[in-house]
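Take a look at the structure below.
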Amino acid sequence: MPYTYIVECSDGSYYCGSTWQLDRRIWEHNHSPNGAAYTRHRRPVQLVWAVEFDSIAAAFEFEKQVQNWGRAKREALIRGEYEVLPQLARRTDRRPRPDGDPGRPVKGRVERPPEPDDPWAYPLKRPRRPRRPRER
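Per UniProt numbering: the sequence shown = residues 1 to 136.
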(Lines of atoms letter the chains of each structure in order from A and count residues from 1; the text may use other names and numbers.)
(Lines give C-alpha, C1' and ligand atoms only; values in the text may rest on other atoms or scores of the structure.)
Protein backbone atom coordinates (compact mmCIF):
# COMPACT_ATOMS: atom_id res chain seq x y z
CA MET A 1 0.00 0.00 0.00
CA PRO A 2 1.20 3.57 -0.64
CA TYR A 3 2.36 5.73 2.25
CA THR A 4 3.13 9.35 3.03
CA TYR A 5 5.82 9.62 5.67
CA ILE A 6 7.96 12.09 7.60
CA VAL A 7 11.49 11.32 8.73
CA GLU A 8 13.59 13.34 11.14
CA CYS A 9 17.13 13.90 9.89
CA SER A 10 20.27 13.94 12.04
CA ASP A 11 20.32 17.77 11.98
CA GLY A 12 16.75 17.93 13.36
CA SER A 13 15.09 18.87 10.07
CA TYR A 14 12.13 16.98 8.63
CA TYR A 15 11.77 15.34 5.23
CA CYS A 16 8.39 14.35 3.82
CA GLY A 17 7.97 11.73 1.10
CA SER A 18 5.66 9.10 -0.34
CA THR A 19 6.37 5.52 -1.35
CA TRP A 20 4.92 2.09 -2.04
CA GLN A 21 7.23 0.25 0.39
CA LEU A 22 7.91 2.17 3.58
CA ASP A 23 10.60 -0.10 5.07
CA ARG A 24 12.58 -0.19 1.83
CA ARG A 25 12.37 3.59 1.43
CA ILE A 26 13.59 4.29 4.97
CA TRP A 27 16.48 1.89 4.36
CA GLU A 28 17.29 3.78 1.12
CA HIS A 29 17.31 7.08 2.99
CA ASN A 30 19.84 5.69 5.46
CA HIS A 31 22.05 3.47 3.28
CA SER A 32 21.47 3.64 -0.46
CA PRO A 33 22.68 6.16 -3.03
CA ASN A 34 19.04 6.12 -4.25
CA GLY A 35 17.86 7.98 -1.14
CA ALA A 36 16.77 11.58 -1.58
CA ALA A 37 19.65 14.03 -1.98
CA TYR A 38 18.32 16.02 0.98
CA THR A 39 18.52 13.07 3.37
CA ARG A 40 21.72 11.66 1.88
CA HIS A 41 23.65 14.47 3.54
CA ARG A 42 21.72 14.29 6.82
CA ARG A 43 22.02 10.63 7.79
CA PRO A 44 20.88 8.80 9.81
CA VAL A 45 17.17 9.52 9.48
CA GLN A 46 14.43 8.17 11.71
CA LEU A 47 10.80 7.57 10.78
CA VAL A 48 8.60 9.78 12.99
CA TRP A 49 5.22 9.63 11.22
CA ALA A 50 3.49 7.66 8.45
CA VAL A 51 -0.01 7.14 7.10
CA GLU A 52 -1.33 4.60 4.60
CA PHE A 53 -3.44 5.62 1.58
CA ASP A 54 -5.59 3.73 -0.90
CA SER A 55 -3.77 5.14 -3.93
CA ILE A 56 -0.30 6.48 -4.68
CA ALA A 57 -1.92 9.59 -6.17
CA ALA A 58 -3.56 10.40 -2.83
CA ALA A 59 -0.29 9.73 -0.97
CA PHE A 60 1.65 11.97 -3.35
CA GLU A 61 -0.97 14.73 -3.11
CA PHE A 62 -0.81 14.70 0.71
CA GLU A 63 3.01 14.64 0.58
CA LYS A 64 2.98 17.84 -1.51
CA GLN A 65 0.54 19.43 0.92
CA VAL A 66 2.69 18.61 3.96
CA GLN A 67 5.85 19.82 2.19
CA ASN A 68 4.34 23.31 2.15
CA TRP A 69 3.63 23.29 5.88
CA GLY A 70 5.82 25.01 8.44
CA ARG A 71 7.79 23.18 11.13
CA ALA A 72 5.22 23.82 13.88
CA LYS A 73 2.40 22.37 11.80
CA ARG A 74 4.45 19.28 10.87
CA GLU A 75 5.32 18.72 14.53
CA ALA A 76 1.63 18.99 15.49
CA LEU A 77 0.85 16.33 12.86
CA ILE A 78 3.62 14.09 14.23
CA ARG A 79 2.25 14.50 17.77
CA GLY A 80 -1.28 13.72 16.53
CA GLU A 81 -2.68 17.14 17.50
CA TYR A 82 -5.03 17.31 14.52
CA GLU A 83 -7.34 19.91 16.08
CA VAL A 84 -4.60 22.59 16.06
CA LEU A 85 -3.58 22.10 12.41
CA PRO A 86 -6.00 24.76 11.05
CA GLN A 87 -4.67 27.29 13.58
CA LEU A 88 -1.12 26.72 12.35
CA ALA A 89 -1.89 27.62 8.75
CA ARG A 90 0.59 30.12 7.28
CA ARG A 91 -2.08 32.39 5.79
CA THR A 92 -2.45 35.58 7.76
CA ASP A 93 -5.04 37.34 5.61
CA ARG A 94 -8.05 35.43 6.87
CA ARG A 95 -11.51 36.87 6.55
CA PRO A 96 -13.90 36.74 9.51
CA ARG A 97 -15.76 33.45 9.68
CA PRO A 98 -19.57 33.20 9.67
CA ASP A 99 -19.56 32.21 13.37
CA GLY A 100 -18.15 35.65 14.26
CA ASP A 101 -14.57 34.58 14.98
CA PRO A 102 -12.35 37.25 13.40
CA GLY A 103 -9.52 34.81 12.68
CA ARG A 104 -5.91 35.79 13.14
CA PRO A 105 -4.83 39.39 12.58
CA VAL A 106 -3.37 40.39 9.26
CA LYS A 107 0.40 40.91 9.32
CA GLY A 108 1.90 43.77 7.39
CA ARG A 109 0.13 45.90 4.82
CA VAL A 110 -2.67 44.45 2.75
CA GLU A 111 -2.90 45.78 -0.79
CA ARG A 112 -6.26 46.09 -2.46
CA PRO A 113 -6.37 44.31 -5.82
CA PRO A 114 -6.49 46.70 -8.79
CA GLU A 115 -9.76 47.52 -10.46
CA PRO A 116 -10.32 45.24 -13.48
CA ASP A 117 -11.07 48.19 -15.81
CA ASP A 118 -7.73 49.88 -15.07
CA PRO A 119 -5.53 49.22 -18.15
CA TRP A 120 -2.31 49.78 -16.17
CA ALA A 121 -3.25 47.39 -13.37
CA TYR A 122 -1.41 44.42 -14.80
CA PRO A 123 2.01 44.46 -16.46
CA LEU A 124 2.02 44.15 -20.20
CA LYS A 125 3.78 41.18 -21.72
CA ARG A 126 6.51 41.79 -24.23
CA PRO A 127 5.83 40.23 -27.59
CA ARG A 128 7.89 37.12 -28.24
CA ARG A 129 10.63 37.34 -30.78
CA PRO A 130 10.03 35.10 -33.75
CA ARG A 131 12.18 32.01 -33.84
CA ARG A 132 14.77 31.62 -36.50
CA PRO A 133 14.32 28.56 -38.66
CA ARG A 134 16.67 25.71 -37.81
CA GLU A 135 19.44 25.10 -40.22
CA ARG A 136 19.92 21.50 -41.19
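A virtual CB, placed ideally from N, CA and C, is assigned to each residue, including glycine.
In the DSSP output, which residue or residues are listed as bridge partners for residue i?
i	result
residue 32	DSSP output for residue 32 lists no bridge partner at all.
residue 47	7
residue 14	8
residue 19	3
Within the same chain, show all residues whose beta-carbon is closer than 8 Å to that of residue i, passing over the 5 residues directly before and after it, in chain order.
i	result
residue 50	3, 4, 5, 6, 22
Does residue i come out as helix, strand or coil in the three-state DSSP assignment?
i	result
residue 52	strand
residue 86	helix
residue 25	helix
Could you give the distance in angstroms between the alpha-carbon of residue i and the alpha-carbon of residue j?
i	j	result
residue 77	residue 18	16 Å
residue 37	residue 81	30 Å
residue 33	residue 79	30 Å
Flag this pair as yes or no: are the beta carbons of residue i and residue j separated by less than 8 Å?
i	j	result
residue 29	residue 48	no
residue 39	residue 9	yes
Enumerate in chain order the residues of its own chain whose CB-to-CB distance from residue i is below 6 Å, with the five nearest sequence positions on each side excluded.
i	result
residue 53	2, 59
residue 74	14
Among the residues of its own chain, which have a CB less than 7 Å from the CB of residue i, if the five just before and after it don't count?
i	result
residue 67	16
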